[in-house]
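Residue numbers (the UniProt record's numbering): 1 to 211. We put the CB at the ideal spot given by N, CA and C, even for glycine. Structure first, commentary second.
This is the structure we're talking about:
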């Protein structure tokens, strides 16, 4: 539910309509919402955790500060899209100013930006985490199975046959240079008419990367 248009008076009733027990705490001027688990952030981590916990029968509340956008809300202009979907309009730097952080700030978090590209944690990285940092889970079959489950839930596919101009040029260069390539898969629903050649952050295309 979106709370942007709700008031202090309408918020409790809207929460109650969703099946949540809500009580007023007049002394602190707040509402108490009863749930089993509260997850802050609806991104790749929070979304997966919420799905697993809800599937196990827990009452889960996901709290997201970003707004909710559908395909009808997107614009073909890069500036407004970055301002809508990224934390602080895309301008967040490290403490020393040496790095720029692009963090999704919308329902879906990082899964809603970066063209919905889905990359599994490389095996060599998982081995390093397990050996160098004492985290054996990442090298286990359980972690691999968890990634497969997430891909299944997202409907990850490589079936985006239409390419944008930049990808056609890149693919041609890779082919002529005889370099290895692979398709970046996407967590999107592929439809025959679902092709937006100019839409920023919502392209239904197959990107190619050079390795």
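| Check | Outcome |
| --- | --- |
| Determine the DSSP secondary structure at residue 159, reduced to helix, strand or coil. | coil |
| Is residue 182 helix, strand or coil when you go by DSSP? | strand |
| Taking 8 Å as the cut-off, decide whether the C-beta atoms of residue 69 and residue 106 are in contact. | yes |
| Give the single residue among 134, 7, 56, 153 whose Cα lies nearest to the Cα of residue 36. | 56 |
| Among residues of its own chain, excluding the 5 on either side of residue 151, which ones have a beta-carbon nearer than 7 Å to its beta-carbon? | 118 |
| Return helix, strand or coil for residue 74, following the three-state DSSP convention. | coil |
| Who pairs with residue 34 in a beta bridge, going by DSSP? | 21 |
| In its own chain, which residues sit with a C-beta less than 6 Å from the C-beta of residue 158, not counting the 5 before and 5 after it? | 183, 185 |
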